[in-house]
Amino acid sequence: MLAVDRGLAVLCIVVFLGLTTLAGRFRFPRVSTVSTSAIVAGLVTARIGYVAAHWSSYTGAPLSILAVWQGGFSPVAGLLGAAAMLAIRLGRSSALAAGWGALAVAGGLWFSLQALIPPVTYGPFPYHLNLTTPSGAPLPLDRFRGRPFVVNLWATWCGPCRRELPMLDAVASRPGEVPILLADQGEAQAIVSGFLGRENIGARHVALDPDRGLSQALKETPMNRRNLLSRGLLAALAFAAPITPLIAQQPDLSRKAVVDDPVAPKRAGRTYDVTVVEFFDYNCPYCRRMEPVLNALLRSDPKVRVVYRDWPIFGPASREASRAAVASQWQGRHAAFHEALMTSPARLDSAGVKAAAAKAKVDWPRLQRDLKNRGAEIDALLTRTDSIAQAIGFNGTPALIVGSQVVAGAVDLPTGALTMPGPLNRRQLAGLGAVVVGGWAVGQVLRRTAPIGRDVGPTADLILAGNGSPEDGPADATLRLAVFTDYRCPACRHGFSALEEAVQRDGKVRVIYKDWPIFGPPSERAASVALACAEQGVYPTVHRALMTDSRTIDDDVLRDVVMRAGGDWLRAMTWLAAHADAVAARLRANGQEAYSIGLAGTPGYLAGPMLVMGAIDASDFQRLFARAREES
Numbered sequence: 010m011l012a013v014d015r016g017l018a019v020l021c022i023v024v025f026l027g028l029t030t031l032a033g034r035f036r037f038p039r040v041s042t043v044s045t046s047a048i049v050a051g052l053v054t055a056r057i058g059y060v061a062a063h064w065s066s067y068t069g070a071p072l073s074i075l076a077v078w079q080g081g082f083s084p085v086a087g088l089l090g091a092a093a094m095l096a097i098r099l100g101r102s103s104a105l106a107a108g109w110g111a112l113a114v115a116g117g118l119w120f121s122l123q124a125l126i127p128p129v130t131y132g133p134f135p136y137h138l139n140l141t142t143p144s145g146a147p148l149p150l151d152r153f154r155g156r157p158f159v160v161n162l163w164a165t166w167c168g169p170c171r172r173e174l175p176m177l178d179a180v181a182s183r184p185g186e187v188p189i190l191l192a193d194q195g196e197a198q199a200i201v202s203g204f205l206g207r208e209n210i211g212a213r214h215v216a217l218d219p220d221r222g223l224s225q226a227l228k229e230t231p232m233n234r235r236n237l238l239s240r241g242l243l244a245a246l247a248f249a250a251p252i253t254p255l256i257a258q259q260p261d262l263s264r265k266a267v268v269d270d271p272v273a274p275k276r277a278g279r280t281y282d283v284t285v286v287e288f289f290d291y292n293c294p295y296c297r298r299m300e301p302v303l304n305a306l307l308r309s310d311p312k313v314r315v316v317y318r319d320w321p322i323f324g325p326a327s328r329e330a331s332r333a334a335v336a337s338q339w340q341g342r343h344a345a346f347h348e349a350l351m352t353s354p355a356r357l358d359s360a361g362v363k364a365a366a367a368k369a370k371v372d373w374p375r376l377q378r379d380l381k382n383r384g385a386e387i388d389a390l391l392t393r394t395d396s397i398a399q400a401i402g403f404n405g406t407p408a409l410i411v412g413s414q415v416v417a418g419a420v421d422l423p424t425g426a427l428t429m430p431g432p433l434n435r436r437q438l439a440g441l442g443a444v445v446v447g448g449w450a451v452g453q454v455l456r457r458t459a460p461i462g463r464d465v466g467p468t469a470d471l472i473l474a475g476n477g478s479p480e481d482g483p484a485d486a487t488l489r490l491a492v493f494t495d496y497r498c499p500a501c502r503h504g505f506s507a508l509e510e511a512v513q514r515d516g517k518v519r520v521i522y523k524d525w526p527i528f529g530p531p532s533e534r535a536a537s538v539a540l541a542c543a544e545q546g547v548y549p550t551v552h553r554a555l556m557t558d559s560r561t562i563d564d565d566v567l568r569d570v571v572m573r574a575g576g577d578w579l580r581a582m583t584w585l586a587a588h589a590d591a592v593a594a595r596l597r598a599n600g601q602e603a604y605s606i607g608l609a610g611t612p613g614y615l616a617g618p619m620l621v622m623g624a625i626d627a628s629d630f631q632r633l634f635a636r637a638r639e640e641s
């Protein structure tokens, strides 16, 4: 049996073939001759678009890209691929208009039918049911109460289920993953055990539900679809960040402390059944990129609540913005002020905060009174938020908590839709996610063909002069590259290996290290220690070790890193004590240089006059090097 989305895809392909056949018979013969190649191109690009958007899911097993029977196609990327093939084959002719018209009708039919399909709704989860294991042991569902888990409904006669089962069993067997229960529906023990033996699938995660109690309790027509079900589960397979249980691993954290802080601003309708907690900084570029997605989520489902946990790790300016934002809730202007701060065109400072307040129609004198009268209350909130973030293990912003799940790090939310339990309109979000993913795939194509970098002019020469910053690379290098990074920045860590690969491959690039510790005191300490090691000639080794070390930064870790890099810890500390003011001035100068070329956060890469903001891959670094040499 075809899944609903695949059935719709087949229907739309048939409609496209029918329309092109009619067009070919009555007026445009060439259209019907290229329709098949357009379909093939569309399927290939749909798969490529999906894989590109979820590349991190395939890096561990690249051959799984070929497992198309498991699904994974981007409709928008497919439509664009088919349109491109029609343009290539038909050229500028009236036949092309006919082909594109047929494609537009088929695509419109797809999205229309998707929107018409009613959202999946489920009854309350049947914790009262008692299933059994294939060995006959009882398995009460009540054992899962209060913690996230995944239920997969399947049967041995269901073709798609059989194909998916080995993959789900492999995921379920990974240590630390959310528990997965593979619940067979309506089959006898002998049938299931025989199937598992023939397919060499372990029975550890399999349960038997011979009476189809799960299907009936969840108001699910048996085996019409496989399901991810659980109160509190974040089904976010498109995320490139780790998803780990939170509350169960942090017994010192109560849900009330994380979710229901009385001072933390909140945004919700009259009723809600899903809460999203966001840890963010108003000067974090990745937080700003994520904000439209959260706004879309709030608009799509009135029963989602967002709790705003201001975590100003980008310095004093961020703290000033956070204090003002929290204070604005007492005059009912937080939502508007928050949006104004997030959409500010430049890095926020005192003037930027005041301008955002004016844009959001915040009563500025009253805001100042609230800051004065309730300042201690606000500062206590920020301290609590920082403590929670540190206890969870966040290394930076943004970070989300949904139920008892956490998504930490530099998350590119537009690559997928948040799928939450409850009354959320999953079909609408899936459609939105497909459109965004398709757009992302097209953006990737454009990104790799468009010129890379932005020319910052003569200021680049002043920065690339080095000004005492550590350097590494051949003396006869044909290109100088300034790298602005923070050792606690997830995107910096992500881009480091790509940078290292590109520099080694080029062989003629000299790197200038611009430590820019914007993630708070631990980052400042790490940057200071690294600069102290430059005097010993081991800065590049220490820099690499800090960028690749996953431990939380403290003095014990720093001591270990310095010693493994061949440095002398005592000598570094002695030097740092004698030159503390000079090191602090160097770090401030790095920040001023970053602001002078328009950087709002880390990482930033200045190659010749060309600036790139954000993590990029090795091929993009090569393109950056080539363009920098052309422009120099």
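Per this note's numbering, residue 10 is the first one in the sequence shown, and the count goes up by one each step.
Glycine included, each C-beta is placed from N, C-alpha and C at the ideal position.
Residues in the same chain with beta-carbon distance under 8 Å from residue i, minus the five sequence neighbours each way, listed in chain order, please.
{"i": "Leu488", "result": "Asp515, Lys517, Val518, Arg519, Ala616, Gly617, Phe634, Ala637, Arg638, Ser641"}
{"i": "Ile562", "result": "Tyr496, Arg497, Pro531, Ser532, Arg534, Ala535, Leu555"}
{"i": "Ser102", "result": "Arg39"}
{"i": "Leu376", "result": "Ala333, Ala336, Ser337, Gln340, Ala366"}
{"i": "Glu480", "result": "Arg519, Val520, Ile521, Tyr522"}
{"i": "Ile200", "result": "Thr165"}
Within 10 angstroms of its Cβ, does residue i collect 16 or more other Cβ (buried), or is it exposed?
{"i": "Leu72", "result": "exposed"}
{"i": "Gln194", "result": "buried"}
{"i": "Ile527", "result": "buried"}
{"i": "Met572", "result": "exposed"}
{"i": "Thr29", "result": "buried"}
{"i": "Gly504", "result": "buried"}
{"i": "Phe35", "result": "exposed"}
{"i": "Val551", "result": "buried"}
{"i": "Leu242", "result": "Caution is warranted here: a pLDDT of 28 is assigned to Leu242, below 50, making its placement in the model unreliable, and no coordinate value can be reported."}
{"i": "Ile322", "result": "buried"}
{"i": "Met299", "result": "buried"}
{"i": "Arg595", "result": "buried"}
{"i": "Gly117", "result": "exposed"}
Which residues in the same chain have their Cβ closer than 6 Å to the Cβ of residue i, if we skip the five residues on either side of it in sequence?
{"i": "Cys138", "result": "Note that residue 138 is Leu in the sequence shown, not Cys. Cβ within range, chain order: Leu150, Gly222."}
{"i": "Pro38", "result": "none"}
{"i": "Ile606", "result": "Val465, Thr468, Leu620"}
{"i": "Ala32", "result": "Val40, Ala107"}
{"i": "Ala115", "result": "Cys21, Val24, Phe25"}
{"i": "Ala541", "result": "Ala581, Trp584, Leu585"}
{"i": "Ala47", "result": "Ala91, Met94, Leu95"}
{"i": "Ala543", "result": "Pro479"}
{"i": "Asp379", "result": "Ala336, Trp339"}
What would DSSP say about residue i, mapped onto helix, strand or coil?
{"i": "Val316", "result": "strand"}
{"i": "Thr141", "result": "strand"}
{"i": "Leu20", "result": "helix"}
{"i": "Val547", "result": "coil"}
{"i": "Tyr604", "result": "helix"}
{"i": "Glu196", "result": "coil"}
{"i": "Ala624", "result": "coil"}
{"i": "Val272", "result": "coil"}
{"i": "Leu490", "result": "strand"}
{"i": "Thr406", "result": "coil"}
{"i": "Asn161", "result": "strand"}
{"i": "Ala277", "result": "coil"}
{"i": "Val302", "result": "helix"}
{"i": "Asp629", "result": "helix"}
{"i": "Ala360", "result": "helix"}
{"i": "Asp590", "result": "helix"}
Closer than 7 Å: is that where the CB of residue i sits relative to any heavy atom of the ligand PLP?
{"i": "Cys501", "result": "Looking for the ligand PLP in the displayed structure turns up nothing, as the structure carries no ligands at all."}
To which residues of the same chain is residue i closer than 7 Å at the C-beta, ignoring the five residues directly before and after it?
{"i": "Ala627", "result": "Ala507, Glu510, Ala511"}
{"i": "Tyr136", "result": "Leu150, Asp151, Arg154"}
{"i": "Ser353", "result": "Gly361, Ala365"}
{"i": "Gly16", "result": "none"}
{"i": "Arg207", "result": "none"}
Compare the C-beta of residue i against all C-beta atoms of chain D and say whether one is closer than 8 Å.
{"i": "Ser202", "result": "Among the chains in the structure shown there is no chain D, since it carries only a single protein chain."}
Threshold first: 3 residues or longer. Then list the beta strand (DSSP E) segments lying entirely within the region 96 to 124, N to C.
For the region 96 to 124, not a single whole beta strand (DSSP E) run of length 3 or above is found.
Taking 8 Å as the threshold, find out whether the region 315 to 328 comes into contact with the region 352 to 360 through three or more Cβ pairs.
The region 315 to 328 and the region 352 to 360 touch, with no fewer than 3 CB-CB distances between them shorter than 8 Å.
Hey, is the region 312 to 325 in contact with the region 263 to 273, meaning 3+ C-beta pairs nearer than 8 Å?
With the cut-off at 8 Å, the region 312 to 325 and the region 263 to 273 touch.
Do the region 330 to 341 and the region 290 to 299 make contact, defined as three or more Cβ pairs closer than 8 Å?
Contact between the region 330 to 341 and the region 290 to 299 is present, because at least three Cβ pairs lie under 8 Å.
The region 565 to 585 / the region 594 to 604 touching (three or more Cβ pairs under 8 Å)
No, the region 565 to 585 does not touch the region 594 to 604.
Measuring CB atoms only, is the region 48 to 63 touching the region 82 to 90, in the sense that at least three cross pairs come out at less than 8 Å?
A contact exists between the region 48 to 63 and the region 82 to 90.
In chain order, each beta strand (DSSP E) run of at least 3 residues that lies wholly inside the region 459 to 535:
Within the region 459 to 535, the complete beta strand (DSSP E) segments at least 3 residues long are 488 to 494, 518 to 524, listed from N- to C-terminus.
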